[in-house]
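Sequence positions in the sequence shown follow the working numbering and run 80 to 537.
What follows is a single structure, written as structure tokens, with notes after it.
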Amino acid sequence: MSSRFSELSYSDAPRINVVPPGPKSKELLDAQNAYESSVVSYPKGMPMAIKRAKGATIEDMDGNRYIDFFGGAGVMAVGHGHPEVLKAAHEAIDQYTHTLDIPTEIRLNMVKTLRELLPKELSRVFFGGPTGSDAVEQAIKLARFNTGRHEVIAFHGAYHGMTGVALALTTDYSHRKGMEPLQPGIRFIPYDYKYRNPFGDPVETSDLRAADYLEMVLENSHSGYGKPAAVIMESVQGEGGTIIPSKRFMQRVREITKKHDVLLICDEIQAGLGRTGKMFAFEHYGEDFVPDIITMSKALGGVGFPISAIAYREELNTWPAGASIGTFRGNMVAFAAGAAALRFMKDNKVPEYAAELGAKMLKELKKLETETKIVGEARGIGLMFGVEIVRDQKTKEPAGDLAKKVRKYAHQRGVMIEVGGHHGNVARLLPPLIISEELAMKGVEIIGEVIKDIEKEL
Ligand SMILES: Cc1ncc(COP(=O)(O)O)c(C=O)c1O
């Protein structure tokens, strides 16, 4: 019996005809290596060239078909080539494609669709540029404009993008190396990362210690911190290794920022738009938890069209016309596709489906904590998972090399995943939210087999 949404994907994935990269993929990879920048990265971990994709499945040039647990780094919420989304995109492309920020019906439809989903407090939206990094730049700019303050607090393990301010807010040294000094006035504090609790406290209270730390730096005049314009945080840390903060940690951060008149920005670029089982990840933290500004991108463009936005409170809507500009502030095809995708998600209760399916997948992944010795923790929320690979469950020594092996072997068996984490040792799964239960459970089974095989090799 086929499960929900199964018609959206290829039914015969995974199907490996030749160990990737096969000869046709290799031809394209060789050409890429010859002409593109040495900085190209994803094909190094998953050597393949793509021919086509459908739903939660991808076909490479040699006819191998993969279960896509990578989802274009979290972009493909409604899957590759979603028919309703493509229809909307095709209609838009024949009408008009670029209008800067001059209104169109397509643009208005996107704004209205978003407003139906957003809490009423986040009454204003701004499309400041095509990428997630652009949205982060705009969020900080708006916070600085409104507060007249410059400093910003972010969190250990944060990933906010690769451009000026967004890069300065990103902690991974491999991205910062050679770029420093980055912007002054940006400081980092601990996130609620229970598995690697930095406080030495019992793990039950480590979330409160992390929140206390924020309060301390704001209240202690000897902390060395000035009063910041904003605190920026991922509602669930993504590239940092799928780190899911506790509700009370997030609520304390909200309370503290309010008390100190500091704006709270929730970066929803990866965790937002259904990924965690709710339309916005911050909704997990209670009805009264509303950030001052949120950032959105990735799934916002429907099937990978580039677009980003911020949504913010009415009282922050003080900047004059033209205070922030840019050429690509709203691509019409992306707007049409994005609105169609959001509507599909809402009408088909896709976030609810992601929550239900995610719980089943997590139950299986959690078994690996006892069935193997190299899974330190398997965690997840909705369809956003992290499997932390360690050399030793007791010492928790991170095993980045083994996590990369998980990616390599999984790819060879027809499952695509990502690797991230504070120590680069977390196998990350971000499947399209419309993945069928059959494909999802098959993919999880393969990941389990791969991890067990890697353990045997040790
Ligand atoms: C939470 C978060 N913020 C910002 C970004 C940056 O988005 P982009 O790569 O589109 O610039 C990402 C990308 O992975 C992200 O996960």
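All C-beta atoms in this analysis are idealised placements derived from N, C-alpha and C, irrespective of residue type, glycine included.
Proximity to S212 across V282, M440, M375 peaks at M375, based on C-alpha coordinates.
Restricting attention to P385, F359, G401, the CA atom closest to the CA of I373 is found in F359. Across the structure, E448 and E138 are spaced so that their CA atoms are roughly 32 Å apart. Taken atom to atom, the span from the alpha-carbon of Q174 to that of T474 is near 60 Å. Distance between I460 and G356, taken at the CA atoms: about 7 Å.
Contact check between the segment 474-486 and the segment 494-511: three or more CB pairs, one atom from each, fall below 8 Å, which counts as touching. Take the alpha-carbon of N143 and the one of H254: they are about 32 Å apart. CA-CA distance, I533 to R470, rounds to 11 Å. For the 9 Å CB-CB criterion, E230 and P307 form a contact. DSSP places V529 inside the alpha helix (DSSP H), whose first and last residues are 516-536.
Of the heavy atoms belonging to ligand 1, at least one sits nearer than 8 Å to the Cβ of A350. Under the three-state reduction of DSSP, I344 is assigned to strand. In the structure shown, K428 adopts coil according to DSSP, grouped into three states. Taking 9 Å as the cut-off, the Cβ atoms of G264 and G236 do not count as close.
Shown here, G417 sits in a helix according to DSSP, grouped into three states. Counting the other Cβ atoms within 10 Å of the Cβ of I453 gives 16 or more, which makes it buried. Secondary structure at H490: helix, using DSSP grouped into helix, strand and coil. A direct Cα-to-Cα measurement between R94 and V494 gives close to 10 Å. Cβ-Cβ separation between Q217 and I389: approximately 5 Å, consistent with a contact (criterion under 8 Å). With a threshold of 8 Å, the Cβ atom of A152 counts as near ligand 1, since some heavy atom of the ligand is closer than that.
Look at A390: its beta carbon is at least 8 Å from all of the heavy atoms in ligand 1. Rounded to whole angstroms, the separation of the alpha carbons of L379 and N188 is 13 Å. With fewer than 16 other Cβ atoms inside 10 Å of its own Cβ, G227 counts as exposed. The Cβ atoms of A135 and P430 lie no closer than 9 Å to each other. Put simply, the backbone Cα of K439 is about 34 Å away from that of L248.
For P477, the three-state secondary structure derived from DSSP is strand. Scanning A519, I323, A400 for the CA closest to the CA of Y272 turns up I323. Counting every other CB atom within 10 Å of its CB across the protein chains shown gives I181 a total below 16, marking it as exposed. Following the DSSP letters along the chain, one finds D371 in no alpha helix (DSSP H), marked with neither H nor E. Residue environment: R131 is assigned as exposed (fewer than 16 neighbouring CB atoms within 10 Å of its CB, all protein chains considered). Counting every other CB atom within 10 Å of its CB across the protein chains shown gives T210 a total of 16 or more, marking it as buried. I129 is the residue among A420, Y89, A113, I129 whose C-alpha sits nearest the C-alpha of G101. Boundaries of the alpha helix (DSSP H) around F224: 211-226.
Of the other Cβ atoms in all chains shown, 16 or more fall within 10 Å of the Cβ of N225; this residue is therefore buried.
In this chain, the alpha helix (DSSP H) harbouring Y252 covers 252-255. For H502, the three-state secondary structure derived from DSSP is coil.
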